[in-house]
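Report on one structure; see the data block that follows.
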Amino acid sequence: MILRKYMALLGIGSAKIDLILEKDTYAWGEQVKGVFVVKGGLIEQQLKRIECDLVMSHTENQKADEQVVDSITIYTTKNIESNAENHIPFIFRLPQSIHSDSLGSYRFKSRLAFKEGVESLDHDVIKILQT
935 MILRKYMALL GIGSAKIDLI LEKDTYAWGE QVKGVFVVKG GLIEQQLKRI
985 ECDLVMSHTE NQKADEQVVD SITIYTTKNI ESNAENHIPF IFRLPQSIHS
1035 DSLGSYRFKS RLAFKEGVES LDHDVIKILQ T
């Protein structure tokens, strides 16, 4: 049991997050709906928060640049049981408009932050239609 706890603290066998979206193409100002699926790891862990950033990435002259467009944070003290699957609703309103170029791509970057242990990350690419 102690070995499992230390493994989880290092990120081996810790809880994982996966953002499941209803679709992958949106328009500016549209509401994005989905669910965070949090799967428990080898041991019970206490969740502190879920953070989700809308990130714009673009490459110019072979140099990658990332910018956080908007963020949401869900604060919680929920215990994630070993091997359990938890579903947490996700609703995010895309900004009405943003100054971007056609070379930009967008993704949601989701993170689990625990009381003890390594963060879990997930990336979900979306397409935003230019108007």
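Position in the sequence shown (from 1) plus 934 gives the number in the numbering used here. Cβ atoms here follow ideal geometry from the backbone N, Cα and C, with glycine treated the same way.
If you ignore the 5 residues before and after aspartate 987, its C-beta comes within less than 6 Å of the C-beta of Val1002, Ser1005, Lys1043, all in its own chain and listed in chain order. Beta-bridge analysis with DSSP links threonine 1007 to Glu985. Between the region 1018-1025 and the region 966-982, the count of C-beta pairs closer than 8 Å reaches three or more; the two stretches touch.
Rounded to the nearest whole angstrom, the C-alpha separation of glutamate 1015 and leucine 976 is 9 Å. Looking from the CA of tyrosine 1009, the closest CA among Lys982, Lys1049, Leu953, Glu964 belongs to Lys982. For leucine 955, the uninterrupted beta strand (DSSP E) run begins and ends at 950-955, by DSSP.
Around isoleucine 1062, the same chain offers Tyr960, Tyr1040 as residues with beta carbons nearer than 6 Å, after the five sequence neighbours per side are excluded.
The criterion of a C-beta distance shorter than 8 Å is not satisfied by arginine 1045 and glutamine 965.
Across the structure, isoleucine 954 and threonine 1007 are spaced so that their CA atoms are roughly 17 Å apart.
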